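Enquirer:
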Amino acid sequence: MAETTPVPTSIDGVTALYRRFRPGRFAELRGQDHVVRALQGAVKNDRVVHAYLFSGPRGTGKTTTARILAKALNCEHPRDGDACDECGSCVAITKGSSLDVVELDAASNNGVDDIREIIAGAWHGTPGSWKVYIFDEVHQLSKAASAALLKTLEEPPQHVVFVLATTEPHKVMPTIRSRTQHLEFRLIGGETLSSLLHDVKGAAGLAADDELIDAAVRLGRGSARDALSALDQLIATGALSETQPEFDGLFHSLVNLDAVGALRSLAVLTKEGWDPEQLAESFAAEVRQVFLLQVAPEVADAVDSDRERLSAWGAQLGLPRTVRILETFGLAMREMKSAPEKVVTLEVALVRLIRPELDSSVQSLDERLTKLEREGARPVASTPPVPATPLRPIGTTAPRETSEVTAAPVTSESVATPSDLPTAPSVSSDAPLSLEDVTERFENHVVPRTPRSAQLLLKNAHVRSLEGHRLTVSLPNEEMRQNTDHIAPGLKSAMDHEFKVPIQIEWVIDASPPRPVAARPRAPQPESELSGVDDDASEESTVVVDSMAGHLISEMFPGAEEI
Ligand SMILES: [Zn+2]
Numbered sequence: 001m002a003e004t005t006p007v008p009t010s011i012d013g014v015t016a017l018y019r020r021f022r023p024g025r026f027a028e029l030r031g032q033d034h035v036v037r038a039l040q041g042a043v044k045n046d047r048v049v050h051a052y053l054f055s056g057p058r059g060t061g062k063t064t065t066a067r068i069l070a071k072a073l074n075c076e077h078p079r080d081g082d083a084c085d086e087c088g089s090c091v092a093i094t095k096g097s098s099l100d101v102v103e104l105d106a107a108s109n110n111g112v113d114d115i116r117e118i119i120a121g122a123w124h125g126t127p128g129s130w131k132v133y134i135f136d137e138v139h140q141l142s143k144a145a146s147a148a149l150l151k152t153l154e155e156p157p158q159h160v161v162f163v164l165a166t167t168e169p170h171k172v173m174p175t176i177r178s179r180t181q182h183l184e185f186r187l188i189g190g191e192t193l194s195s196l197l198h199d200v201k202g203a204a205g206l207a208a209d210d211e212l213i214d215a216a217v218r219l220g221r222g223s224a225r226d227a228l229s230a231l232d233q234l235i236a237t238g239a240l241s242e243t244q245p246e247f248d249g250l251f252h253s254l255v256n257l258d259a260v261g262a263l264r265s266l267a268v269l270t271k272e273g274w275d276p277e278q279l280a281e282s283f284a285a286e287v288r289q290v291f292l293l294q295v296a297p298e299v300a301d302a303v304d305s306d307r308e309r310l311s312a313w314g315a316q317l318g319l320p321r322t323v324r325i326l327e328t329f330g331l332a333m334r335e336m337k338s339a340p341e342k343v344v345t346l347e348v349a350l351v352r353l354i355r356p357e358l359d360s361s362v363q364s365l366d367e368r369l370t371k372l373e374r375e376g377a378r379p380v381a382s383t384p385p386v387p388a389t390p391l392r393p394i395g396t397t398a399p400r401e402t403s404e405v406t407a408a409p410v411t412s413e414s415v416a417t418p419s420d421l422p423t424a425p426s427v428s429s430d431a432p433l434s435l436e437d438v439t440e441r442f443e444n445h446v447v448p449r450t451p452r453s454a455q456l457l458l459k460n461a462h463v464r465s466l467e468g469h470r471l472t473v474s475l476p477n478e479e480m481r482q483n484t485d486h487i488a489p490g491l492k493s494a495m496d497h498e499f500k501v502p503i504q505i506e507w508v509i510d511a512s513p514p515r516p517v518a519a520r521p522r523a524p525q526p527e528s529e530l531s532g533v534d535d536d537a538s539e540e541s542t543v544v545v546d547s548m549a550g551h552l553i554s555e556m557f558p559g560a561e562e563i
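The sequence shown: position 80 = 80 (my numbering), numbered continuously.
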């Protein structure tokens, strides 16, 4: 079946570059070395099989390779398993006039009759020694057509080769797949595409500078066909600035946690005419490069000029945020498919990334904690928890009504001190513990040793009384008390480490302020002494920390409230 589609032309009327520079021999194929090795070797050693399955993304050269295979098999002057691309047979195949090659686009001819008709011809003799059937998008064949094809593949005529090309090999019937030799085509790396475009530029005498070629490589996204088409259009229109959205503004806003700036950048881009889905996709592609440049630079295929820029953004964003941007955009792209206002989905995604407190996913929670740590938020981090603001009014003498204590005591089980642990220098296990001492050590040494989630809960805990080795600690409500089960192991190990003697904790519910403990060694201090940063920043960060911590607590322990 001869090719009947008109040869597409580019804007200035010449044959499209990707047609003009379509590889005619194995030696000219780029970026699919493993496929070339397998096929050229098979032709050379006369080990060609009757059916091949070529799978891979669009524009990676599947049908082109199938035609080259047909040329190599029928070439009048083959060299080392490759076609000459000059003889009558090769030229006829290039022109699409050869009777040795039958192409079928299964997307449009997918019925059983189409297949039957084609296959009937497979039994007729052909001028060349091999007849090659190329079925593109073979996964789109109907069931009946697939069954008819399978029958032929079970007993293929001599000198017939079927090349089944598909972008979705998993949709091809397994029984068909199992009768083929499967060759996977890969996306073409940025460097390979770049060198291809430079060669085409030289061969065609194009006036294209490196910037233009880089842009075409980027637009090609691993596809030689798309890259060459892009180059064609870029040269024709010269509209380099329109080839891809400019994302530096967006990156800048993400780095600086500037929600307004991000929305403004997005508005500018949509105003320029970029479709939200296209934007999300392009941005995700850039962030992917940012991610790869941080994790495995050798895998990243950003071109030179982009590499530097994207590496710089990566350094400013850091890996965890880069990953979250990728994930968030991945989700947004999915949501957009069914969203009535796609741009809103994108806006929400951006604001979520910048204001993670609006997001309740575990990842964003982790990011918030990381952020708090980075900001030197000591109260919830692992350094001693001196409250930045006096959460607990010291000196108030609100009466504590023990009769209101309703909770059943929850005790953390006592275990003997491991003998290999050094004894605390200040306290021998025989010395009686005082309430003041235990309170101070509980707050300043035990709590900071517990996991972060425990610290958030323990921030609301107050030591109430001590009887022997039995410590009564209050929490403001029942929900929080129930959560003590989860923190028990971490707390127990921190207690054991600090006190070296088993101390039982009895949890009670008591929302009243604790009684002042005489000679409490650490009274709240002025804020300027507390924060390690300068005064301007300290106020702000204190506010952030406080509201963040409160938010985190209520999120992790529903019902909790600061007192
Ligand atoms: Zn030839």
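Using N, Cα and C, we set each Cβ at its ideal position, and we do this for glycine too.
Computed from a prediction, not measured in an experiment: that's the story for all the values here.
Using DSSP with H/G/I as helix, E/B as strand and the rest coil, what is Thr439?
Expert: Against the sequence shown, residue 439 aligns to sequence position 439. DSSP places Thr439 in helix when its eight states are reduced to three.
Enquirer: Would Asn138 be called buried (16 or more neighbouring beta carbons within 10 Å of its own) or exposed?
Expert: By one-based count along the sequence shown, residue 138 stands at place 138. With the sequence shown as reference, residue 138 is identified as Val, and Asn is not the correct amino acid for it. Its Cβ being crowded by 16 or more others within 10 Å, Val138 is buried.
Enquirer: Which value, in whole angstroms, describes the spacing of the CA atoms of Gly261 and Glu347?
Expert: Against the sequence shown, residue 261 aligns to sequence position 261. Against the sequence shown, residue 347 aligns to sequence position 347. When rounded, the distance between both Cα atoms is 11 Å.
Enquirer: Within the same chain, show all residues whose beta-carbon is closer than 8 Å to that of Thr322, passing over the 5 residues directly before and after it, in chain order.
Expert: Translated into positions along the sequence shown, residue 322 becomes position 322. Answer for Thr322: Val287, Val290, Phe291, Gln294 and Gly314, listed in chain order.
Enquirer: So, at 6 Å on beta carbons, what are the nonlocal neighbours of Asp301 in its own chain, with the 5 sequence-adjacent residues on each side left out?
Expert: Here residue 301 is taken as the residue at index 301 of the sequence shown, counted from 1. Contacts found: Gly189 and Gly190.
Enquirer: Confirm, please, whether the CB-CB distance from Met336 to Ala284 is below 8 Å.
Expert: The residue given as residue 284 occupies position 284 in the sequence shown. The residue given as residue 336 occupies position 336 in the sequence shown. For Ala284 and Met336, no; Cβs fall outside 8 Å.
Enquirer: Quick one: what's got a C-beta closer than 7 Å to Phe251's C-beta in the same chain, skipping five residues either side?
Expert: Counting from 1 along the sequence shown, the entry for residue 251 is found at position 251. Counting only Cβ-Cβ distances below 7 Å, and skipping sequence neighbours, we find Trp313.
Enquirer: So, under 8 Å CB-CB, Lys95 and Ala83 are touching, yes? Tell me the CB distance rounded to an integer number of Å.
Expert: Walking along the sequence shown from the start, residue 95 turns up at place 95. Walking along the sequence shown from the start, residue 83 turns up at place 83. Not a contact, Cβ separation roughly 14 Å.
Enquirer: So who's on the other strand from Ser89, going by DSSP bridges?
Expert: Translated into the one-based positions of the sequence shown, residue 89 becomes position 89. BP columns for Ser89 are empty, so no partner.
Enquirer: Could you name the residues, in chain order, whose CB is less than 7 Å away from a heavy atom belonging to ligand 1?
Expert: Taking each Cβ in turn, the ones that pass are Lys71, Cys75, Glu76, His77, Pro78, Ala83, Cys84, Asp85, Glu86, Cys87, Ser89 and Cys90.
Enquirer: Let's test the definition: count the other Cβ atoms within 10 Å of the Cβ of Thr166 and tell me whether it reaches 16, buried, or not, exposed.
Expert: Looking up residue 166 in the sequence shown gives position 166. When all chains shown are included, Thr166 counts as buried.
Enquirer: Please classify Ser129 as buried or exposed, where buried requires at least 16 neighbouring CB atoms within 10 angstroms.
Expert: Your numbering for residue 129 matches position 129 in the sequence shown. Looking at its Cβ environment, which holds fewer than 16 other Cβ atoms inside 10 Å, Ser129 is exposed.
Enquirer: If you draw a straight line from the alpha carbon of Ser305 to that of Phe54, how long is it in whole angstroms?
Expert: Position 305 of the sequence shown, counted from the first residue, corresponds to residue 305. Position 54 of the sequence shown, counted from the first residue, corresponds to residue 54. Cα to Cα, Ser305 sits roughly 34 Å from Phe54.
Enquirer: Ala16: buried (16+ other C-beta within 10 angstroms of its C-beta) or exposed?
Expert: If you number the sequence shown from 1, residue 16 lands on position 16. Flag for Ala16 reads buried.
Enquirer: Using three-state DSSP, classify His462 as helix, strand or coil.
Expert: Here residue 462 is taken as the residue at index 462 of the sequence shown, counted from 1. Strand, per DSSP.
Enquirer: Counting Cβ pairs closer than 8 Å, one from the region 43 to 58 and one from the region 100 to 118, do we hit at least three?
Expert: The region 43 to 58, when compared against the region 100 to 118, does not touch it at the 8 Å Cβ threshold.
Enquirer: Figure out for me which residue from Ala349, Tyr52, Gly24 and Gly59 has the closest Cα to the Cα of Arg179.
Expert: Counted from its first residue, the sequence shown places residue 179 at position 179. Ranking Ala349, Tyr52, Gly24 and Gly59 by Cα distance to Arg179 puts Tyr52 first.
Enquirer: Looking only at DSSP bridge pairs, what is Val160 linked to?
Expert: One-based indexing of the sequence shown puts residue 160 at position 160. Beta-bridge pairing links Val160 to Lys131.
Enquirer: Using C-beta distances below 7 Å, list every residue in its chain close to His159, excluding the 5 sequence neighbours before and after it, in chain order.
Expert: Within the sequence shown, the letter at position 159 stands for residue 159. Ser129, Trp130 and Lys131, listed in sequence order.
Enquirer: Step through the CB atoms of chain D and report whether any lies within less than 8 Å of the CB of Gly56.
Expert: Absent from the structure is chain D; it holds one protein chain and no more.
Enquirer: Looking at C-alpha atoms only, which residue of Gln482, Asp496, Arg186 and Glu327 is the closest neighbour of Val35?
Expert: Counted from its first residue, the sequence shown places residue 35 at position 35. Val35 has its Cα closest to that of Arg186, out of Gln482, Asp496, Arg186 and Glu327.
Enquirer: Can you look up His139 in the DSSP assignment and give me helix, strand or coil?
Expert: Taking the first residue of the sequence shown as position 1, residue 139 is located at position 139. It is helical.
Enquirer: What is the DSSP secondary structure of Ser493, counted as helix, strand or coil?
Expert: Translated into the one-based positions of the sequence shown, residue 493 becomes position 493. Correct three-state label for Ser493: helix.
Enquirer: With a threshold of 8 Å on Cβ separation, who are the neighbours of Tyr18 within its own chain once the five nearest residues in sequence on each side are excluded?
Expert: Residue 18 sits at position 18 when you count from the first residue of the sequence shown. If we look at Tyr18 and ignore the five residues flanking it on each side, its Cβ neighbours are Ala224, Arg225, Leu228, Ser229 and Asp232.
Enquirer: Report buried or exposed for Ala236, applying the criterion of at least 16 other Cβ atoms within 10 angstroms of its Cβ.
Expert: Within the sequence shown, numbered from 1, the residue matching residue 236 stands at position 236. Ala236 comes out exposed.
Enquirer: I'd like to confirm the pairing. Which residues does DSSP put opposite Ser474 in its beta bridges?
Expert: The sequence position of residue 474 within the sequence shown is 474, counting from 1. Beta-bridge pairing links Ser474 to His462 and Val508.
Enquirer: Let's test the definition: count the other Cβ atoms within 10 Å of the Cβ of Trp507 and tell me whether it reaches 16, buried, or not, exposed.
Expert: Translated into positions along the sequence shown, residue 507 becomes position 507. Classification for Trp507: buried.
Enquirer: Would you identify the three-state DSSP class for Glu467, choosing helix, strand or coil?
Expert: Locating residue 467 in the sequence shown gives position 467, where the first residue counts as 1. Three-state result, Glu467: strand.
Enquirer: When DSSP labels each residue in this structure, what does Thr15 get in the three-state scheme?
Expert: Position 15 of the sequence shown, counting from 1, holds the residue named residue 15. In the structure shown, Thr15 sits in a strand (DSSP, three-state: E or B).
Enquirer: For His170, count neighbouring Cβ atoms within 10 angstroms of its own Cβ and tell me buried if that reaches 16, exposed if not.
Expert: Position 170 of the sequence shown, counting from 1, holds the residue named residue 170. Exposed, because fewer than 16 other Cβ atoms sit within 10 Å of the Cβ of His170.
Enquirer: Name the DSSP beta bridge partners of Phe499, please?
Expert: Here residue 499 refers to the residue found at position 499 when the sequence shown is read from its first residue. DSSP output for Phe499 lists no bridge partner at all.
Enquirer: By the 10 Å Cβ neighbour count, where 16 or more other Cβ atoms means buried, how is Lys62 classified, buried or exposed?
Expert: Counting from one through the sequence shown, the residue named residue 62 turns up at place 62. Buried: at least 16 other Cβ atoms inside 10 Å.
Enquirer: Going by beta carbon distance, what residues of the same chain come within less than 6 Å of Pro57, once the five residues before and after it are set aside?
Expert: Against the sequence shown, residue 57 aligns to sequence position 57. Closer than 6 Å at Cβ, skipping near neighbours: Leu187.
Enquirer: Going by DSSP, which residues form a beta bridge with Ser55?
Expert: Here the question's residue 55 lines up with position 55 in the sequence shown. Per DSSP, Thr166 and Glu184.
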